[in-house]
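Residue numbers (the numbering used here): 6 to 708. Using N, Cα and C, we set each Cβ at its ideal position, and we do this for glycine too. None of these values were measured; they are calculated from a predicted model. To start, the structure itself, in structure tokens.
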């Protein structure tokens, strides 16, 4: 803490001192007047900066060695291609010749795509937060030549940025010893073991249902009763949190948890965060009503939301949820699908230099497209002449359920939906003529894994072939292009090793793919990759997985991802994978490893359920035995999909039509020449049956 205060004080004093001598900002550089070391990058984000007057380098030996040789501090600037404020700072500061001159004279400047190198992003985000500073993107961190952080922040307006880089540089020259001491302490802080930092070395605790009742109560106090979600803004969807509520309701019988989850899903689907015209979800809403999105669309959000809405549809059969699922899949197919079956990473929030321009509508535009249906459409989507967002701009959203609005307008519900569908088709065609937001065409392993899981669960829930088609193509893409003899690569076309989040999400997806299509090739691949993860990532001392392989580049810290965020922690996903594979392969070592991971996290789950919601779901399911459901016979796969239509979070489902070498199928055969269903708990099987309804009753009877 003393190091942080001293470092910040030194820089702040020099920051103030230099304000008297700064020249005015010059005009923005013309396109291609400059070319820097990013020009040969594959990252769309780095290429966006390849013609800045800043002499940017990619992360690598050339830049790091240059910093050492010239004894210059490093300015590490981290972002991603669809980041709105990254674009703003680039335009205001990194395209400014005077600011670029100062940066080039005083720093070795490195640009980093956080999606290519999440390991570095995690380290330096932790460092900035350890300094007591706000984290986010763009993330700008000042490092010593040996990569130790001593100051940082996120977006800075150009005048502040100009002053800051001068003050930081002067502090580095004139107060080097103090800053280096500060940097060394920050480096030691971020290198501290997560297990030690959060008390996991003290052992675990056993949780009971009453513990989860208390957990739910602590979450309930933060709910927004009017708009759903948590009572705050901005609002992020946080799928893992709402999946926990569904799991809790299923295990405990607490209907209020389920009600708030479904209420939240209704509000998200009705809000502007969901693209009613083209399908798919934006990253978050800037307000508390799910109305105005931050318009970027990320693959990882949409994959998880497919899984969440699929679970909700299994539970309720609500047609609006199926509509959201199909709309999102159509968006993936139309705008995010690569020719080889992979999905791109993201769509930008901006087009023509303006956030959301591609997605918003004026009153007159809607009136022209809707024609005679305008009064209905304006009411349906809350379209006003003044604009329901900024002046003259409307973000389409629904303030009433279809059946309620149909009654108010004296319309048949079917006719109302047909009217809206006609308008949406016209609006989508009109929008296709606009200048599109930028596309980040990276094909990232982990994010494709999340999408594959969502597509599989959507197919389980609906049986619609659009999900089967996209899922089979995507699974083949991952298997053929991202799984290599050396392991998983993170990004198609690059040799970057997969991180734990990639392995965890792909293993989870292959398990889910097997449970959907019963192709044992993918289950065996999941087992093979799990063994590699144990070999390269597992810390036998702390019983958790590192984020990076022991074969990866050595950095100033080797981190473990513990907390569930917009994507669940890779360790929590691995705990779930190990439990499932342990059951499917009858492997006690997997099950024991999973149990130990969850057991030592239980204390934190009880304290911070909002940030350990995926862990909480896994821990909660351990209160009751998992149903091991196996089907054998000619109709095994068809009947298995019938079972999948029900919301049953605490099961594994396996099917074989022509025999299987998997250990659980030993001695299980089709009886009376009919497809036979075996329901087992803890290796004890109930009487085999030939009827799905009887099998479902056995699944629910866990005695």
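Distances from the alpha-carbon of residue 307 to those of 370, 224, 241 and 434 put 241 closest.
Fewer than three beta-carbon pairs drawn from the region 256–267 and the region 289–305 are found closer than 8 Å, and the two stretches are therefore not classed as touching. When C-alpha distances from residue 569 are compared across 505, 614, 87 and 462, the shortest belongs to 614.
Separation of residue 135 and residue 360 (C-alpha to C-alpha, rounded to the nearest whole angstrom) is 32 Å. Rounded to whole angstroms, residue 125 and residue 55 show a C-alpha spacing of 21 Å.
When secondary structure is reduced to three states using DSSP, residue 122 falls in the coil class, being assigned neither helix nor strand. Residue 65 has its alpha-carbon roughly 45 Å from the corresponding atom of residue 251. Between residue 567 and the set 595, 621, 106 and 586, the nearest pair of CA atoms involves 621. Around the C-beta of residue 430, fewer than 16 other C-beta atoms lie within 10 Å, and the residue is accordingly described as exposed.
The beta carbons of residue 85 and residue 38 sit no closer together than 8 Å. Looking only at 213, 419, 593 and 528, the smallest Cα-Cα distance to residue 687 is reached by 593. Taken in chain order, the unbroken stretches of alpha helix (DSSP H) that lie wholly in the region 412–439 and span 4 residues or more are 418–436. A distance of 8 Å or more separates the beta carbons of residue 625 and residue 617.
Here the alpha carbon of residue 232 sits roughly 49 Å from the alpha carbon of residue 68. Contact between the region 395–415 and the region 357–373 is present, with at least three C-beta pairs closer than 8 Å. Contact between the region 480–489 and the region 109–117 is absent, with fewer than three C-beta pairs closer than 8 Å.
Ranked by Cα distance from residue 682, the options 526, 554, 668 and 701 are led by 701. Ranking 650, 598 and 670 by CA distance to the CA of residue 590 puts 670 first.
Under the DSSP assignment, residue 145 falls in the beta strand (DSSP E) whose first and last residues are 144–148. Here the C-alpha atom of residue 352 lies approximately 43 Å from the C-alpha atom of residue 211.
Measuring C-alpha to C-alpha distances from residue 436 to each of 280, 583 and 552 identifies 280 as the nearest. Closest in C-alpha terms to residue 611, from the list 178, 219 and 439, comes 219. In the same chain as residue 221, and ignoring 5 residues on each side of it, the C-beta atoms closer than 7 Å to its own belong to 253, 259 and 262, in chain order.
The Cβ-Cβ distance between residue 564 and residue 127 falls below 8 Å. Under the three-state reduction of DSSP output, residue 114 falls in the strand class. Here residue 673 has 635, 637 and 683 as same chain residues with Cβ atoms under 7 Å from its own Cβ, once five neighbours each way along the sequence are excluded. Following the DSSP letters along the chain, one finds residue 158 inside the beta strand (DSSP E) bounded by residues 154–158. Under the three-state reduction of DSSP, residue 198 is assigned to coil, being neither helix nor strand.
In this structure, residue 582 places its C-beta atom within 8 Å of the C-beta atom of residue 535. Residues of the same chain with a CB within less than 8 Å of the CB of residue 585, apart from the 5 flanking positions on each side, are 516 and 657 in chain order.
Beyond the five residues adjoining it in sequence on each side, residue 98 comes within less than 7 Å, by CB distance, of 104, 163 and 166 in the same chain, given in chain order. Residue 633 is bridged by DSSP to 657 and 685. Per DSSP, residue 82 is one residue of the beta strand (DSSP E) stretching across 79–84. Around the beta carbon of residue 137, fewer than 16 other beta carbons lie within 10 angstroms, which makes this residue exposed. Relative to the Cα of residue 371, the nearest Cα in the group 699, 310 and 282 belongs to 282.
Within the region 230–290, the alpha helix (DSSP H) runs of at least 4 residues that lie entirely inside it are, in chain order, 244–257 and 260–275.
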